[in-house]
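One structure below.
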Amino acid sequence: MTTGAARPARRNVVVVFIDLVGSTELAERLDPELLRDVLDRYYQACTSGISEHGGVVEKYIGDAIMAVFGIPANREDDALRAVRAAHAALQRVRELSDGLAPTHGIQLDVHCGVSAGQAVVIATPGADLRVIGDTVNTAARLQSAADVGEILVGDEVARLVRAQARLEPVPPLTLKGKSNPVRAWRVTSLEPDAGDGDAQIPLIGRAAETARLRAAYREAVRDHRCRVVTVLGVPGIGKSRLVRDFVHELPAGVVVLAGRCRSYGAGITYRPIAEMVESLGDDWPDTLEEASGAALRGLVTGDAARAPRTGEDAGVEEIARAVCALFEALARREPLVVVWEDLHWAEPTLLDLIDDLTTWLVDVPVLVVRVARPELLEARPSWGIDVGRAVAFELGALDAARMERLVAELAALRSPDDEVVAHALAASPALCRRVAESSDGNPLFAELLLETLAEEGEDAPLPRTIQALLGARLDLLDDGERDVLERAATIGHAFTLDQLGGLCAVRPEARLDVDETVGLLIRRRLVRRGEAAGSFHFTQTLTRDTVYAMTRKDLRATWHLALADRISEQITEQISGPAEVSVWSSSGEESSHGDLTQHLETACLLKREVRPDDPLLPALTERAARALVGEGTRALHRKDLPAAIALLERGRDLLPAGHPDHRPLAVRICDAGLARGESDRPYAALDVAERMLPGDPRTRLTCAVQRETLAVRFGTRPASAGPFRDLLSADPGDDLGWCRLHHLEALLRIGEGRFGAAEAALRDALARARSLGDRYEENRLLSGLCELAQWSPTPLAEGLSLCAGLSARFGADRAMLLPVLVTEARLLALAGDVAEAWAVLHAADRHARDLHLNLAAAAVLQVRGLVESLVDRHAAAEELFRRAAADLHRLGQSEPARTLELYAARELLRQGRHAEAAGELARLRATAARPQARGELILLALSARIASLDGDHGAAGALAARAEELLARTDDPCLCGDVLADLARVHHAAGRTGPAAEAAARALRGYAAKGAELPARRVRRWIEEERLL
2 MTTGAARPAR RNVVVVFIDL VGSTELAERL DPELLRDVLD RYYQACTSGI SEHGGVVEKY
62 IGDAIMAVFG IPANREDDAL RAVRAAHAAL QRVRELSDGL APTHGIQLDV HCGVSAGQAV
122 VIATPGADLR VIGDTVNTAA RLQSAADVGE ILVGDEVARL VRAQARLEPV PPLTLKGKSN
182 PVRAWRVTSL EPDAGDGDAQ IPLIGRAAET ARLRAAYREA VRDHRCRVVT VLGVPGIGKS
242 RLVRDFVHEL PAGVVVLAGR CRSYGAGITY RPIAEMVESL GDDWPDTLEE ASGAALRGLV
302 TGDAARAPRT GEDAGVEEIA RAVCALFEAL ARREPLVVVW EDLHWAEPTL LDLIDDLTTW
362 LVDVPVLVVR VARPELLEAR PSWGIDVGRA VAFELGALDA ARMERLVAEL AALRSPDDEV
422 VAHALAASPA LCRRVAESSD GNPLFAELLL ETLAEEGEDA PLPRTIQALL GARLDLLDDG
482 ERDVLERAAT IGHAFTLDQL GGLCAVRPEA RLDVDETVGL LIRRRLVRRG EAAGSFHFTQ
542 TLTRDTVYAM TRKDLRATWH LALADRISEQ ITEQISGPAE VSVWSSSGEE SSHGDLTQHL
602 ETACLLKREV RPDDPLLPAL TERAARALVG EGTRALHRKD LPAAIALLER GRDLLPAGHP
662 DHRPLAVRIC DAGLARGESD RPYAALDVAE RMLPGDPRTR LTCAVQRETL AVRFGTRPAS
722 AGPFRDLLSA DPGDDLGWCR LHHLEALLRI GEGRFGAAEA ALRDALARAR SLGDRYEENR
782 LLSGLCELAQ WSPTPLAEGL SLCAGLSARF GADRAMLLPV LVTEARLLAL AGDVAEAWAV
842 LHAADRHARD LHLNLAAAAV LQVRGLVESL VDRHAAAEEL FRRAAADLHR LGQSEPARTL
902 ELYAARELLR QGRHAEAAGE LARLRATAAR PQARGELILL ALSARIASLD GDHGAAGALA
962 ARAEELLART DDPCLCGDVL ADLARVHHAA GRTGPAAEAA ARALRGYAAK GAELPARRVR
1022 RWIEEERLL
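With the sequence shown counted from 1, adding 1 to any position gets you my numbering.
And the structure:
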């Protein structure tokens, strides 16, 4: 890692505050010279532990000491180092106090606070270190809250050290300057070693690697030779777990020695050998020379702890010979397996010793297993290849299927306290898949993500434990590699050399050779090549996320904006305001719009956080908001409602109060929420618009119209458009207000069964939308007009012509095409072209399923039921109507669902099951409110038919008369024809031949005017059977 002239850097750090208790009283009692001497010794007691554990003293504040861990490089155990340093300070100050008490008559004690998080670090050689951020303040407040002789740690630190420390939770602390209570933990003791952190993680998908270890062991035993296997892998991938399982399966009698290298501390060079020697206990080979035994025992007792780290002096050679002699003596008794763990932390002296073992150990069955991270190959490149008696392999990421299985097994192993999480994962394959995908094929990451899920829920940030592991690895990079990687992370998980080159030209800190640096990053296994030439992607998504999180926000903002500018140049369509956003894009353009929006929004939000006074921020905010609204409108257009709502609301939230786009945005968010069946969000969107545009009469009136529209849609109360027309008359130029008013009028007319008037209102609305220049409103209204063609007096031929025009207009936009296809299928079926209707319905059904549009799928079921009914397959029609009704009920569309239930009852009647039909109607009357005009007409006609079949011709006649009255209020030709056909049967059953013939003739005239040949054919057949005409 390069550590030249430093620049401000965003880093994960651990901050420790240590403060002397009772310093004011001490200063009052002691002479200044004596006080200085005591404080110097106190500082030395504290700072010695800090430096031994790898920390840096940032500053002294009176008698308080602030230390930082994670500078100049992150280490995955920085939190543990910090807690150990605080613990060492407590112990050493107490020892100092015990020594001073008899002579000075004083007692010293300290209290400590430890916090972890992100901070900006400025460290220039020869200058003061500065660490800035909330993490510093939190550590200071925790120290103030700690009792005498106590260490309090924050929640993040607790997560990082809980495997190595005993912690007790304290009640949430109200700390000075903190807006919310802070969770804290008291450190009661430290554990000497973490042990096997992955012991609970199942070993999955490693059969091939296990087989290679077994084969090497068999060869060593068979040939009486030393064999070496090097197992490489990134942190958490399961290296130690693999080797431990292999060792557990070895035959009885095999001697296994294992030692782990440490990242820091005294005597770390030979620490793994000391562990191996200590594990033998008294089981020493009789043939081992006394000198060798003494040298090895000295490692355990500490006599050799200060053995040289490098060089060829006698101490190094003597220990090497002793280790070889021990291994050889043990292997002559039984096969020997020697496991060296975490060799990436090994000192060169130990690596040299291990390198020489294969030469020294001859004619004995020894298997040496070297376990390390890939960075070991920088010091020992030959260890990564198969040569002679040595083999090497690297554990790769698990595939998706194995990761899902692993996550499922991990969830099942959770403790009773985490039963809720285990149940949630078991009940939600999607959640299980998400954890598996987020883990990047890394078993340890899956375990850590599950822990975070258990503690913080599904929206938890990336666990600090994972950040610590990845951050330590990233800090091995030099400045050039880090600069390129940070830019790549800003681009995203995937990137190209062209994109990187463009970003490296923006505020370059140094001249960067992008091609060469990317090659180095590939060798470090941080990125890999993509399929297309010049494309690359991060090997792990979590690595990308960690790099991005550790990149300074001002740099991120600059690079995101540069990327947005570059994409803007490539997009031919001009991003403009909500009323002018085009919704027509190819798949490539969709991707470009999405990338542009993401980069603009992120640049804006980052600028707000770190440069709120930037004079360019207002223009950037406007640009980002427009991009979000444009992308949200496209999502709304293709019926991706969750995405549409999220994008539109984010765009709205960027706009300042008073911005005129708050009004059209409220309307679109209201539309999206309504389409999702949400009752609260549409009203909330209107409330926001009125708050953002207080006193604006157009906004107030548009929101009032929208609330009336919601009342119609939800059926919560009677609605009216009259008062708004009078108010809008004073503002003829308010195209959006008039457009929405005409739409409300159309909905009201539809509810009354006046479909011709509804068409006229929609055409008025369409004219206003075109005047407004709003393609979203225009397409929405065109789709509505098309759907109305099914029920209005407009002849089928005109309706089919409209469908053809809209099919050409919407093209490959399947979401907009769907209602057109449904309408076209219904009109074709009515016209008698059943085969073509089925073909269109199949296409519509496929689109609805592909796009997961449930309302559209229910509409397809409804038209399928109509077609089945028209061809006299009434049982099939009944089932389809019931399925469609059930789907609509689930989607909160109760009014149309009840109408479809009436259709199903009519199909029962047509099957001759009139008793069941009667029961169904009774149920609907008992459970539902009075239906709208369409439903009421069908209900009256069916009730009259059933009364007639029951022989109650008087009741049937009364119901028929009421239906006749209501028929005058609707202009739906097919509805009128269906009702009149039923009434003709009622009159005929009562012997009223004239009224029966008249009703049948009127039905035929209505069908003919519409062009509905198939239902007319059914009526003509009945007339012929009954010889009415």
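Even for Gly, the Cβ is constructed at its ideal location relative to N, Cα and C.
Just so we're clear, the structure is a prediction, and the values are computed from it rather than from any experiment.
Close-in-space but distant-in-sequence residues of the same chain around residue i (CB under 6 Å, 5 per side omitted)
{"i": "T710", "result": "L745"}
{"i": "G1007", "result": "P974, C977 and G978"}
{"i": "W186", "result": "V154, A159, L168 and P170"}
{"i": "A1010", "result": "P974"}
Cβ-based burial, residue i [other Cβ within 10 Å; buried from 16]
{"i": "D283", "result": "exposed"}
{"i": "H853", "result": "exposed"}
{"i": "D662", "result": "buried"}
{"i": "I19", "result": "buried"}
{"i": "P1016", "result": "buried"}
Straight-line Cα distance separating residue j from residue i
{"i": "L642", "j": "I670", "result": "10 Å"}
{"i": "T497", "j": "E517", "result": "14 Å"}
{"i": "A790", "j": "A686", "result": "32 Å"}
{"i": "A398", "j": "D441", "result": "7 Å"}
{"i": "D873", "j": "A1004", "result": "18 Å"}
{"i": "E379", "j": "L477", "result": "11 Å"}
{"i": "A990", "j": "S949", "result": "7 Å"}
{"i": "E825", "j": "L818", "result": "10 Å"}
{"i": "A1000", "j": "R781", "result": "38 Å"}
{"i": "L607", "j": "V232", "result": "42 Å"}
{"i": "L1039", "j": "I467", "result": "Outside the displayed range of the chain (2 to 1030) lies residue 1039, so it cannot be described from this structure."}
{"i": "A323", "j": "R333", "result": "15 Å"}
{"i": "E376", "j": "G234", "result": "9 Å"}
{"i": "W1", "j": "A166", "result": "Only positions 2 to 1030 of the chain appear in this structure, which leaves residue 1 out of reach."}
{"i": "E329", "j": "T360", "result": "12 Å"}
{"i": "D983", "j": "A667", "result": "46 Å"}
{"i": "D555", "j": "G316", "result": "53 Å"}
{"i": "E157", "j": "A140", "result": "11 Å"}
{"i": "M693", "j": "D596", "result": "28 Å"}
{"i": "H660", "j": "A962", "result": "57 Å"}
{"i": "A447", "j": "V436", "result": "7 Å"}
{"i": "I576", "j": "D672", "result": "For I576, the pLDDT reaches just 44, beneath the cut-off of 50, and the residue's location in the model is therefore unreliable, although a value from the coordinates is still provided. For I576 and D672, the distance between alpha carbons rounds to 22 Å."}
{"i": "E908", "j": "A877", "result": "9 Å"}
{"i": "P719", "j": "D888", "result": "26 Å"}
Close-in-space but distant-in-sequence residues of the same chain around residue i (CB under 7 Å, 5 per side omitted)
{"i": "S944", "result": "L922 and L960"}
{"i": "R701", "result": "E691"}
{"i": "L471", "result": "L543, T544 and T547"}
{"i": "P996", "result": "H988"}
Under the three-state DSSP convention, the category residue i falls into
{"i": "L694", "result": "coil"}
{"i": "I1024", "result": "helix"}
{"i": "A89", "result": "helix"}
{"i": "C227", "result": "strand"}
{"i": "A117", "result": "strand"}
{"i": "N138", "result": "helix"}
{"i": "E59", "result": "strand"}
{"i": "R11", "result": "strand"}
{"i": "V872", "result": "coil"}
{"i": "I202", "result": "coil"}
{"i": "R371", "result": "strand"}
{"i": "P1016", "result": "helix"}
Inter-residue CB distance, residue i and residue j (contact presumed, cutoff 8 Å)
{"i": "I152", "j": "H88", "result": "7 Å"}
{"i": "E602", "j": "L562", "result": "Actually they are not in contact, since the Cβ atoms of E602 and L562 sit about 11 Å apart, beyond 8 Å."}
{"i": "V823", "j": "V868", "result": "So it is not a contact: roughly 12 Å between Cβ atoms."}
{"i": "R524", "j": "T540", "result": "In fact, because the Cβ distance is near 12 Å, the residues do not count as touching under 8 Å."}
Residue-chain proximity (residue i, chain B), Cβ-Cβ < 9 Å
{"i": "I355", "result": "Annotation note: the requested chain B is absent from the structure, which comprises a single protein chain."}
Proximal residues to residue i (C-beta, below 8 Å), its chain only, five neighbours per side dropped
{"i": "L925", "result": "R899, E902, L903, A906 and L940"}
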